[in-house]
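Asker:
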Amino acid sequence: MRLIDADNLTKETEKSMHDNPHKNRQISQNHLTEHIHFLSLIGRQSTVTDDRITKALEFVWNYGQIDGDHHKTWVIDQIVRILCGSNEEYKKWVDKYEEPLEDGDYYSWNQGINP
């Protein structure tokens, strides 16, 4: 999933409505109607990303102060899981993280230890 700035998208869509380049009145009207419909859809979208961010911040609040690097690594892993939203997306993210770099080096993902 690719994150977008919904506020910026809304502003750009509204700007595009006013900068309507169409000379034909019917095409121009269709252009505006499509933009209005799109804006109504954006406004009704669930805030899954916002919910994940809130949940991740709550997790940090509850567990981020636990001593020990291995426990802090676990906290980071749990945050990544929350932000990915599913086991499938988490696995894709870890696989991408562990891909070799251009110079051949690579990093291993560490899940840490549950406190």
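In the working numbering, the protein residues as written are 71 to 185. For each residue, glycine too, the CB sits at the ideal point set by N, CA and C.
(1) What is the rounded straight-line gap between the Cα of G182 and the Cα of K142?
(2) Rounded to the nearest angstrom, what separates Y160 and D175 at their Cα positions?
(3) Mapping the DSSP letters down to three states, classify Y133 as helix, strand or coil.
(4) Using DSSP with H/G/I as helix, E/B as strand and the rest coil, what is D173?
(5) By how many angstroms is the C-alpha of H140 removed from the C-alpha of Y133?
Answerer: With the given structure in hand:
(1) If you take the alpha carbons of G182 and K142, they lie about 7 Å apart.
(2) Each residue's CA atom was taken as its position, placing Y160 and D175 some 22 Å apart.
(3) Note: Y133 maps to helix in three-state DSSP.
(4) Three-state DSSP puts D173 in coil, outside helix and strand.
(5) Cα-Cα distance, rounded: 12 Å.
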